[in-house]
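Numbering-wise, this note's numbering puts 402 at position 376 of the sequence shown, and it's gapless, one number per residue. Following: one structure in structure tokens, then a few remarks.
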Amino acid sequence: MPSLVDVLPQDLIDRLIDLLWSEGKRFDIRKYALLCRVFLPRSQHHLFSYIKLDRGRVHGFHEILQRTPSIAKAVRAVHLVLDGGRCDWMVEAWAADFMYILKSITQPTTLPESTSLRELKIETQYSSGSNIKSAQLFLERVFKPFFAPHITSLHIESLPKVPINVIDSCVALTELTLVSAPLNLNYGRSNNQTHPQFSPRRHKLRRLEYTDPGEVKLLTIAAPPTRSRLDLSELRSLHFHMESLDEAASQQWIIDESAATLEELHFKNFDDPGESLAIYYRIFILNYDKESELGWFINLKACPNLRVLDLDIRLGHPTAGGNEDDIHTLSLVLSRLPKPNRLDTIRLEAYVGYVWSVDDPQDILNADWESLQSQLLDVAAGKAIFEFSFMMTYLNVNYEARMEQGSEEGMEDGSDSSEEGMEDGSDSSEEGMEERLMRDRCEAALDRLRTEKLAKLSSIGIVNLTHYVDIPHQS
């Protein structure tokens with residue numbers, strides 16, 4: 027008697043696998059692929075849609091392709107990892123396995139597109155910040171013949187001095203990510219004044235992510251001898267990694283360039299908020315200038331199609347509504363939205379205790395939530411769905427101080443507290459109790475935030491309040 031799987035049409039099985047993939051159930055797909063052969067083709071389509079290649083992975087994936095050549099058609103995204111910027115394993119004569127992989131994944135398919143390949147990420151590991159080695163060979167033997175004709179998304183991370191030719195040679199680029207990746211704008215002849223006829227292709231981007239606004243400006247609004255490479259008039263999604271909210275001041279021009287089409291705006295902290303951000307914010311507060319207030323330099327009045335606003339903020343200052351209250355300044359940003367607008371999702375990630383010492387998570391209630399709720403209600407009015415998400419990351423500085431005090435006392439009386447802690451487990455148990463206590467306090471603070479400060483918003487929209495307790499661990 028045939029099983030249920032045997033009588034189900036293949037297209038239905040494929041749709042079930044697609045559903046599992048869309049829900050992020052990668053492990054389940056792998057399990058089902060091993061369970062029954064009818065699950066295998068569609069499972070491979072998803073499991074091999076993304077591949078990560080470094081020197082150690084090339085040989086293994088080469089063997090997979092030799093056993094099952096059809097897998098090559100599934101590859102949509104490639105992640106190349108360079109060891110300290112070295113790419114000799116890609117370009118030297120003995121790199122036959124790697125060349126076989128590239129030829130396989132870029133061969134024509136029966137799809138309307140010439141190949142499934144659409145995305146490339148390049149980064150270095152172990153030696154972040156190392157320049158790319160053998161750049162010319164990488165360009166001529168790897169990037170131009172195999173990636174430039176096909177990819178629509180390019181992501182470069184932690185790899186400085188990548189030749190500008192990488193962008194120039196792309197044919198259909200619509201998504202660009204440059205994270206800690208300053209380009210070599212003077213590489214080759216692209217920007218050489220002795221070649222005035224050179225006119226690089228201008229890519230109409232739909233998504234842009236970056237850490238260096240100055241570089242993006244050079245690529246967009248260029249002055250001779252640099253040529254403009256980016257057209258932001260159809261930009262949909264903007265992601266900016268910053269070290270402080272003050273850096274957003276330099277982003278108004280890019281918001282204005284893409285105002286008519288911009289749908290998502292993400293301002294995210296790039297560095298550890300417990301280190302450089304806290305130091306920077308303290309300097310920023312001491313040298314505060316009202317013109318640098320968040321509400322003054324993020325002006326969204328020309329963005330009628332903005333749907334998602336995603337910001338990292340700091341909380342914990344005892345004075346509500348002041349110059350240092352990011353909730354208050356966010357209210358100013360929202361007050362300048364055009365009417366009508368399409369904004370239906372606001373996400374905040376708040377760092378509490380990283381800038382100002384916060385004894386209790388409930389100190390976040392001191393912020394100007396009344397003004398923010400008023401603006402959120404105004405934005406949500408008339409919309410079928412409105413979602414406000416608030417993620418609190420709380421730094422338990424009291425625990426850190428007690429641990430330091432305990433270490434000092436242990437040194438004074440000559441006891442080896444670390445050994446004693448390992449023997450009786452007291453250190454780990456105390457840390458666990460402290461973390462549970464802080465979790466309970468964070469939950470209580472968020473409950474009060476929902477029921478007292480955002481009660482009206484909770485009654486008409488979706489309000490998601492979550493938290494994470496960050497307890498520093500001594501090395």
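Glycine included, every Cβ here is placed at the ideal spot set by N, Cα and C.
Going by DSSP, Arg373 is part of the beta strand (DSSP E) stretching over Thr371 to Val378. Secondary structure of Val381 (DSSP, three-state): coil. The C-alpha of Leu261 lies about 18 Å from the C-alpha of Thr371. Shown here for Lys187: same chain residues with a beta carbon closer than 6 Å to its own, the five before and five after excluded, namely Asn157 and Asn210 in chain order. Ranking Asn191, Ile339, Thr355 and Ser195 by CA distance to the CA of Tyr377 puts Ile339 first.
The C-beta distance from Ile182 to Thr200 rounds to 16 Å, too long to meet the 8 Å contact threshold.
Here Leu185 is actually not in contact with Glu235; their C-beta atoms are around 15 Å apart, not less than 8 Å. As the crow flies, the alpha-carbon of Gly82 is around 30 Å from that of Asp194.
When the five nearest sequence neighbours on each side are left out, the beta carbons in the same chain lying within less than 6 Å of the beta carbon of Asn367 are those of Pro330, in order along the chain. Per the coordinates, the alpha-carbon of Ser179 lies some 24 Å from the alpha-carbon of Leu337. A Cβ-Cβ contact shorter than 9 Å links Gln399 with Lys482. For the pair Ser48 and His72, the Cα-to-Cα distance works out to about 10 Å. Taking Ile55 as the centre and dropping the five residues before and after it, the same chain places the C-beta of Ile43, Leu46, Trp47, Ser69, His72 and Leu73 closer than 7 Å to its C-beta, in chain order. In terms of Cβ geometry, Asn325 and Val359 form a close pair [threshold 9 Å]. Judged by DSSP in its simplified three-state form, Val188 adopts strand. With respect to the 9 Å criterion, Lys230 and Ser259 are classified as neighbours on the basis of their beta carbons. For Val489, the CB contacts under 7 Å within the same chain, skipping 5 residues up- and downstream, are Phe414, Arg476, Leu480 and Leu483 in chain order.
By the CB criterion at 9 Å, Ile77 and Val104 fall inside the cutoff. A straight-line Cα-Cα distance of about 27 Å links Leu472 and Gly408. Residue pairing for Thr150: DSSP places it in a beta bridge opposite Leu108.
Around the beta carbon of Met459, fewer than 16 other beta carbons lie within 10 angstroms, which makes this residue exposed.
Thr477 sits in a helix when the DSSP states are folded into three classes.
Partner residues in the beta bridge of Phe293, as assigned by DSSP, are Phe266 and Leu337. In terms of CA proximity to Leu128, His85 leads the group His85, Arg63 and Asp496. Buried is the label assigned to Trp395, since at least 16 other Cβ atoms lie within 10 Å of its Cβ. One alpha carbon belongs to Ser142, the other to Pro67, and they sit about 16 Å apart. Between the alpha carbons of Tyr126 and Gln92 lies a distance of about 9 Å. Note: Glu235 is bridge-paired with Thr203 and His265 in the DSSP secondary-structure output.
Residue state for Asn325 is assigned as coil, using DSSP reduced to three classes.
When the beta-carbon positions are compared, Arg228 and Ser263 stay at least 9 Å from each other.
Counting the other Cβ atoms within 10 Å of the Cβ of Glu145 gives 16 or more, which makes it buried. Only residues of its own chain outside the window of five on either side were considered, and among them Phe65 have a CB closer than 6 Å to the CB of Tyr58, listed in chain order. Residues of the same chain with a CB within less than 6 Å of the CB of Val205, apart from the 5 flanking positions on each side, are Glu183 and Thr237 in chain order. At the C-beta level, Cys196 and Phe164 stay beyond 9 Å of one another. Nearest in C-alpha terms to Gln133, of all of Val117, Ser96 and Arg167, is Ser96.
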